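Visitor: Residues in the sequence shown are numbered consecutively from 1040, following the working numbering.
The structure that follows is given in the form of structure tokens.
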Amino acid sequence: MSSIEEAQRRMEEYIHIHNKGRAKRKLNKLTPVEYRRQLAA
């Protein structure tokens, strides 16, 4: 695997964790995905 492919894989993994796995204090302790779903409901 090239270093570019590895870097891309790591960035995609970070984005996934950031959006779906980390609750944010300023989003009322919801993940960004949960917050968007709440707003749409």
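Backbone N, C-alpha and C fix where the C-beta goes; we use that ideal spot for every residue, glycine too.
All figures in this text were calculated on a predicted structure; none of them were measured in a lab.
Are the beta-carbon atoms belonging to Lys1059 and Val1072 less than 8 Å from one another?
Guide: Here residue 1059 refers to the residue found at position 20 of the sequence shown. Here residue 1072 refers to the residue found at position 33 of the sequence shown. Result yes, Cβ atoms of Lys1059 and Val1072 sit closer than 8 Å.
Visitor: Pull up the distance between the alpha-carbon of Glu1051 and that of Leu1066, whole angstroms please.
Guide: On the sequence shown, position 12 is the one that residue 1051 refers to. On the sequence shown, position 27 is the one that residue 1066 refers to. Computed Cα separation, rounded: 22 Å.
Visitor: Where does Lys1065 sit, in a helix, a strand or coil, going by DSSP?
Guide: Numbered from its first residue, the sequence shown carries residue 1065 at position 26. Lys1065: helix per DSSP, three-state reduction.
Visitor: Please report the residue range of the alpha helix (DSSP H) in which Ala1080 lies.
Guide: Counted from its first residue, the sequence shown places residue 1080 at position 41. Taken as a continuous stretch (DSSP letters only), Ala1080 belongs to no alpha helix (DSSP H), as it is neither H nor E.
Visitor: Just to confirm my understanding: we take Arg1076, look at its own chain, exclude 5 residues before and 5 after, and list those with CB closer than 7 Å. What are they?
Guide: Sequence index remark: in the sequence shown, residue 1076 carries index 37 (1-based). None.
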